[in-house]
Structures are given as C-alpha cells and as structure tokens.
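K.L.:
Protein chains in written order, with the numbering used here: chain A, 1065 to 1373; chain B, 1065 to 1373.
Beta carbons are placed, not taken as given, at the ideal position from N, Cα and C, and that holds for glycine.
Remember, predicted model here, so these are calculated numbers, not experimental data.
(1) For residue 1253 of chain A, which option in A/1295, A/1123, A/1301, A/1202 has the closest C-alpha, if you only look at C-alpha atoms?
(2) Please check if any C-beta of chain B sits within less than 7 Å of the C-beta of residue 1155 of chain A.
(3) What residue ranges within the segment 1168-1229 of chain A form continuous beta strand (DSSP E) runs of no fewer than 3 residues, ordered along the chain?
(4) Per DSSP, which one or two residues make a beta bridge with residue 1265 of chain A?
(5) Starting from the Cα of residue 1285 of chain A, find the closest Cα among A/1151, A/1124, A/1121, A/1127 and give me that residue.
(6) Suppose contacts are defined by Cβ-Cβ distances below 7 Å. Is residue 1140 of chain B in contact with residue 1134 of chain A by that definition?
(7) Return the CA-CA distance between residue 1350 of chain B and residue 1246 of chain B, expressed in angstroms with no decimal places.
(8) Please work out which residues of its chain come closer than 7 Å, Cβ to Cβ, to residue 1081 of chain B, disregarding the five sequence neighbours upstream and downstream, and give them in chain order.
(9) If you scan the segment 1326-1366 of chain A from start to end, which runs of the beta strand (DSSP E) of 3 or more residues do you find wholly inside it?
(10) Give me the chain B residues within the contact set of residue 1114 of chain A, using Cβ-Cβ distance strictly less than 7 Å, ordered along the chain.
(11) Based on the DSSP secondary-structure assignment, which residues constitute the bridge partners of residue 1106 of chain B?
(12) Would you say residue 1148 of chain A lies against chain B (beta-carbon separation less than 7 Å)?
(13) How is the beta strand (DSSP E) around residue 1316 of chain A delimited, first residue to last?
(14) Contact between the segment 1274-1291 of chain A and the segment 1206-1216 of chain A: three or more CB pairs below 8 Å?
(15) With burial defined as no fewer than 16 other Cβ atoms inside 10 Å of the residue's Cβ, what is the status of residue 1170 of chain B: buried or exposed?
(16) Exposed or buried, what is residue 1149 of chain B when buried is set at 16 or more other beta-carbons lying within 10 Å of its beta-carbon?
(17) Residues in the segment 1271-1297 of chain B with C-beta within 7 Å of chain A's C-beta atoms, listed in sequence order?
(18) Residue 1108 of chain A CB to nearest chain B CB: under 7 Å?
(19) Take residue 1264 of chain A as the anchor and find which of A/1317, A/1292, A/1353 has the nearest alpha-carbon.
(20) Quick one: Cα of residue 1258 of chain B to Cα of residue 1307 of chain B, how far?
(21) Answer yes or no: do residue 1299 of chain B and residue 1323 of chain B have a C-beta to C-beta separation smaller than 7 Å?
(22) Over the uninterrupted alpha helix (DSSP H) stretch that includes residue 1285 of chain B, give me the two end residues.
(23) Look at the Cβ atom of residue 1179 of chain B, then the Cβ atom of residue 1330 of chain B, and state whether they are nearer than 7 Å.
(24) Could you name the residues of chain A that residue 1133 of chain B contacts, counting a contact when the two beta carbons are closer than 7 Å?
(25) Name, please, each residue of chain B whose Cβ falls closer than 8 Å to the Cβ of residue 1101 of chain A.
(26) Considering just the uninterrupted stretch of the alpha helix (DSSP H) at residue 1149 of chain A, what are its terminal residues?
(27) Roughly how far, in whole angstroms, is the beta-carbon of residue 1303 of chain A from the beta-carbon of residue 1269 of chain A, given that I think they are within contact range, below 8 Å?
(28) Residue 1176 of chain A CB to nearest chain B CB: under 7 Å?
(29) Closest by CA to residue 1319 of chain B, which one among B/1144, B/1340, B/1121, B/1086?
(30) In three-state DSSP terms, what is residue 1254 of chain A?
(31) Spell out the partners DSSP gives residue 1294 of chain A in its beta bridges.
(32) Starting from the C-beta of residue 1293 of chain A, find all residues in its chain whose C-beta is less than 7 Å away, skip the five residues before and the five after it, and write them out in chain order.
(33) Give the DSSP bridge partners of residue 1308 of chain B, in chain order.
(34) Do you know whose CA, among A/1360, A/1154, A/1177, A/1195, lies nearest residue 1086 of chain B's CA?
(35) Using 10 angstroms around the beta-carbon of residue 1232 of chain B, count the other beta-carbons present and answer buried if the total reaches 16, otherwise exposed.
(36) Please name the residue, chosen from A/1239, A/1112, A/1109, that lies closest to residue 1183 of chain A on a Cα-to-Cα basis.
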C-alpha cells in the first residue's frame, strides 16, 4: 500500500464527510498519465483535501484563498516572482533544497551545506579576475576582502578552475535589477575561477539585512501570521567544478540579529561566518572561507541506502 | 495533542530529513496571530511539507509548481477566475461545499443537496415574473418549461416568497459575460419568487454540456492528468427564503454522458433530473422539480453532535 493510499484510508476513518470523495478525485486521473505525475498529484490532492477537512475550511476562507492565489500571479512580473517568494516564506524552497542537496558521508566528509537559490540569481553575471571587486556602484556598506579555497570534500585537496559565482544585495537591501536607478547592471555580481592552488579572492560588501517586499501576498502573510519580513544579511554563492556536485548556498554574518529567525528558513550552522576587522587600503573587513564540494560519485542523503536485511 | 501536532510528529518519525524543520516554520508564527489563522496555517504548512517529503519533490518539480501558481493569477481577469477553477478541478470547492452545506436530519427530512457556486453567478441578475423566459438571445437549444414548488424540508409545506435564482450557459457552452458578441447582458439569468402556493415556473434551456477553458492552467492539468475537461450539462440554482438556510446547487439531465465524470466533482444523486418531451407552443421539454430548504434552526452535518458519554 502506497503512502498516498494509506493517507486516503486514514482520512476515511476519521472524516464525518463523504469517505470516498478524495479517492474519486484521484481516480479521475487517466491511464495515460505518467507514473511520477500520478504520484505527485495523488499526494497533492490527498494533502489538500486532508488540510481542508482537518481545519473544516469554510466557504469564506476557501474564497479568501482563491483570491490570494490569483493575487500571487497578478503582482508577479519578470522582475518579481511572488510564487517563489511565497514558497520561501512557507519553508517549501528550503525543504526541497535540503532533500535535493544534503550530502551524506560515512567518513564525516561534509561538503558546504546548500541554501536556497532565491529569486535574484542571474545567468548573465560576468567572469571577473581574482582580486577584482564586484562593487560597481555607490553604496554605504563595509568593503570586504573575501578569500579562500575550494576543496574536495573527501580528499580535502584544492580544486583548480572551480567557479565561485557570487551575488548580493547592496547596502540599501536591493539587488541590481530591483534598483536600476542606483545600481548598474551586474553590480554586486561576478564569477571567479580558482587558481592553480584552488584559491579565489575578491572584494565585495559585508552584507546588510533586508526586508522582503511587504506590498504583496508575502507581506500579507507576515502580517496575518505576526511574523517579521527580514532575512538575515547574506551573500549568495553558487560553486561549481567539473566532476563535482555543484553547491548553491548563502553565508550569514554571525552577529546578525535575524540569524535565528530568517523569514525564509535558509540558515544552517556551517553557513554562519565571521567578518573580521581588516585594513588593506581597499577593504575594512575580511572574510576567510573555504568552500567544499562533494565528488559527483558520492551518494546523496536522499539516495536510497542499501538494505541490510 | 492537536491533529497538526500529531501530523508533525508522525513526519518526524518517518523522514530522512531534518525532523524539526516543519515545527520550526510553524513556530515562527507570532503571538499576535489569531487562533483560527494559526490553526489554518499550521495545518497548511504541515500538509505542504508532508506532501513535498512524501513525493521527495525535486527542485525542478518545485520550480514548475512556482511557475504554475504565477500563471494562475496572470491569466485571471475580472471575467476569468482561474484560481477558483483550479480549486474546482482538484475537488476543493466541492469538498468545502459539502462541509458547509450538507444537512443532517434524524427524521430523514433531507433538503435539496448543495453543489458548488462556480465562477459564473452574478449578483446583478434581474427579478422576472413567473411564466417569463430567461432566454433573451438567439440559441440552438431546447426550450424547456421548468416548474415546481419550494418546500420546507421538515414540514413539507410550500414556502411563499422564496427566491429561485437561476443561471445557465447558452447552447454554445458560454455564459453571458463570456460571450458579449452573441448574448445580451443577463441572458439566461433571472430570479423568480414563489407565489402564494409556493410555485415557481419559467422558461429556460435544456442545458448543454461544455468544456472548461483549456487554454490556461486548468487545461494544462487536464492534459497532464489525462482527464477530460467537460462538465455535464447543468443549470445553476440559488434558492433562498426568510428563516431558511439558502441552497446553492446545480441540476443535471440524467442522460448526460459526463454525469459520472464531472470534471469539478459536483454531481450528487438527488441533483440528477429528467427533462421530458412536452409541447405548449413555447417549450419542447418540461422539467418538474420541487426544491426543499432546511429551516435555519436545523443542525448541519458538520455541526458537533452531542456527546452520549
């Protein structure tokens, strides 16, 4: 018996309402539907109906939900993905991210943890040379020298030619394409290749905490649930290398007040880092951070483990 | 222990992933959130996460869902409510409707069953006189005399001054505001008051089966799930009277091919009716249908039953 069938049966036992209704909706799925789609929608329909039954959702509440779902798409634009944001606010992207990327290692060889991509990554970020700065427009932040190595999580050896793709909001809490009047294209974005010793280094900003936009559905949820809209300050990183599993992640300054209550639930312990005072004529902070990638053949946490029976 | 807490605990036992994640998201709800909102969102977050864990939703599948949710709002207009349609296609409106309106009667005094409102009811439908026709524009349908009484479901006595609000699609499957080139405003809509004997009568069309619009998210779901997009032919009715619980419902011709597979799951046995051949110089079909309303003080099926312990 599949999990979905089991759930549907459990609902049957406890519900005061038509015990066959959910199974009837699932049974409407036709024979040409592929197995994975059938699995996903059977589970989705079961949980949607169980949710409605569990809280005995009223007509008015359902209708409020209908309006809310329409609002999500209506406020979205090519520069604003509110469905993405809504799924972040409900923890869904972090959960999917954990299932996709959490790595397992018998020997304790733990690569850098992943964190959600978020809606602000750009496929068009330029390559820049090590030692260059991603700061291209005026700001009020603390210039930071960020440096480290990219390492193999198993052998601990440096990875040559790994790509560190970094993006961050400016000191006003906005990314370049949210803020075209103040920031030039690709401000605070760049890709860097590790050298023959696996080293990368560049100048960026100590990141600044910011509020998610509160003028749409996500803002309505924050108000409704009495939650704050802040993300802790963070820098986004996407680290890739041939023959290694890529890592999409974020790093957070350890003294940020929102570390424990990130409104998109993306903080993990090994992603909390220390920006220390420093002076080299360009920067006033330094962040030293080695990044660790798992070889492509290492099993993922979500992979089935061999049976010992 | 509440249902939500229990579900979260069950997830903990079976998940290979962070066992505290869902509870952390629920715990982010602040102290000023009202109890009902907390109940709804705790259950919603639990079921959303349990769904994702149960099917081990991939990043690509999640991202497809994000795009899909945005599409729902983007295609919606004042004349097109795709979130409403989507919730119908997944059975949610029929489920909420059952919980809100199903009536219980120890004595077997069953009022007319409810069915979903759907997105085409209009608050502006005009009152018309008994014997009048709601057909105001050209059509290719079968003119029908519909007549009957509105009755008290307990006493079986006629209800005077009850309002029967009727709306239906034309023979091309479209409602007036979907089809302004062919149908005048309020074509195939009208409200009728029962007379001193509880009688109503008017001319309408034998309804025609139609496909839901397939050019948007609902259409994509039909294709993905190998489901047909048809509703059985139906007439919408909203029956109201002072001191009675109103009834929103639909009636379906018994020989319609989609009776068993209504794509919005709204058909109930007592709503299947017989349009019989007839001739009065105006109509070629007749439908005789008594409608039955529950007194306001009758308990609903969803109400708690007194404990016998």
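P.N.:
Looking at the coordinates:
(1) If you number the first chain from 1, residue 1253 of chain A lands on position 189. Taking only the C-alpha atoms, the option nearest residue 1253 of chain A is A/1301.
(2) Working through the first chain from its first residue, we reach residue 1155 of chain A at position 91. Yes, its Cβ sits closer than 7 Å to a Cβ of chain B.
(3) 1207-1216
(4) Your numbering for residue 1265 of chain A matches position 201 in the first chain. DSSP lists A/1211 as partners of residue 1265 of chain A.
(5) By one-based count along the first chain, residue 1285 of chain A stands at place 221. Minimum Cα distance to residue 1285 of chain A is reached at A/1151.
(6) For the purposes of this step, residue 1140 of chain B is identified with residue 76 of the second chain, where counting begins at 1. For the purposes of this step, residue 1134 of chain A is identified with residue 70 of the first chain, where counting begins at 1. Their beta carbons are under 7 Å apart, which means residue 1140 of chain B touches residue 1134 of chain A by this criterion.
(7) Stepping through the second chain from its first residue, residue 1350 of chain B is reached at position 286. Stepping through the second chain from its first residue, residue 1246 of chain B is reached at position 182. The alpha-carbon atoms of residue 1350 of chain B and residue 1246 of chain B are separated by roughly 26 Å.
(8) Within the second chain, the letter at position 17 stands for residue 1081 of chain B. Contacts found: 1117.
(9) 1349-1352, 1355-1357
(10) In the first chain, the residue the question calls residue 1114 of chain A occupies position 50. Result: 1111.
(11) Numbered from 1 along the second chain, position 42 holds the residue referred to as residue 1106 of chain B. None, per the DSSP bridge assignment.
(12) For this step, residue 1148 of chain A is matched to residue 84 along the first chain. Chain B contact via Cβ: present.
(13) Numbered from 1 along the first chain, position 252 holds the residue referred to as residue 1316 of chain A. Note, residue 1316 of chain A: beta strand (DSSP E), 1311-1317.
(14) no
(15) Along the second chain, one-based indexing puts residue 1170 of chain B at 106. Note that residue 1170 of chain B scores 36 on pLDDT, short of 50, meaning its location in the model is unreliable and no value can be drawn from it.
(16) Translated into positions along the second chain, residue 1149 of chain B becomes position 85. Under this definition residue 1149 of chain B is a buried residue.
(17) 1288, 1289, 1290, 1291
(18) Within the first chain, numbered from 1, the residue matching residue 1108 of chain A stands at position 44. Closer than 7 Å: yes.
(19) For this step, residue 1264 of chain A is matched to residue 200 along the first chain. Among A/1317, A/1292, A/1353, the Cα nearest to that of residue 1264 of chain A belongs to A/1353.
(20) Position 194 of the second chain holds residue 1258 of chain B. Position 243 of the second chain holds residue 1307 of chain B. Going from the Cα of residue 1258 of chain B to the Cα of residue 1307 of chain B covers about 15 Å.
(21) By one-based count along the second chain, residue 1299 of chain B stands at place 235. By one-based count along the second chain, residue 1323 of chain B stands at place 259. No, the Cβ-Cβ distance between residue 1299 of chain B and residue 1323 of chain B is not below 7 Å.
(22) Against the second chain, residue 1285 of chain B aligns to sequence position 221. 1281-1288 is the span of the alpha helix (DSSP H), which, as asked, contains residue 1285 of chain B.
(23) Here residue 1179 of chain B refers to the residue found at position 115 of the second chain. Here residue 1330 of chain B refers to the residue found at position 266 of the second chain. In this structure, residue 1330 of chain B lies closer than 7 Å to residue 1179 of chain B by Cβ.
(24) Mapped onto the second chain, residue 1133 of chain B falls at position 69. Under the 7 Å cutoff, chain A gives 1133, 1136, 1137, 1147.
(25) As a position in the first chain, residue 1101 of chain A is number 37, starting the count at 1. Residues of chain B passing the Cβ test: 1288, 1289.
(26) The residue labelled residue 1149 of chain A in the question sits at position 85 within the first chain. Its alpha helix (DSSP H) spans residues 1146-1153.
(27) Here residue 1303 of chain A is taken as the residue at index 239 of the first chain, counted from 1. Here residue 1269 of chain A is taken as the residue at index 205 of the first chain, counted from 1. Going by Cβ atoms, the distance from residue 1303 of chain A to residue 1269 of chain A rounds to 19 Å, so no, they are not a contact pair.
(28) Position 112 of the first chain holds residue 1176 of chain A. No, residue 1176 of chain A does not count as interfacial toward chain B.
(29) For the purposes of this step, residue 1319 of chain B is taken as the residue at position 255 of the second chain. Checked all of B/1144, B/1340, B/1121, B/1086; the closest Cα to residue 1319 of chain B is B/1340.
(30) Position 190 of the first chain, counted from the start, is the residue given in the question as residue 1254 of chain A. In the structure shown, residue 1254 of chain A sits in a strand (DSSP, three-state: E or B).
(31) By one-based count along the first chain, residue 1294 of chain A stands at place 230. Note: residue 1294 of chain A sits in a beta bridge opposite A/1275.
(32) On the first chain, position 229 is the one that residue 1293 of chain A refers to. Here the set comprises 1275, 1276, 1278, 1283, 1286, 1327.
(33) Walking along the second chain from the start, residue 1308 of chain B turns up at place 244. According to DSSP, residue 1308 of chain B bridges with B/1359.
(34) Your numbering for residue 1086 of chain B matches position 22 in the second chain. The shortest Cα separation from residue 1086 of chain B among A/1360, A/1154, A/1177, A/1195 belongs to A/1154.
(35) For this step, residue 1232 of chain B is matched to residue 168 along the second chain. With 16 or more Cβ atoms within 10 Å of its Cβ, residue 1232 of chain B is classed as buried.
(36) For the purposes of this step, residue 1183 of chain A is taken as the residue at position 119 of the first chain. Cα-wise, what sits closest to residue 1183 of chain A is A/1239.
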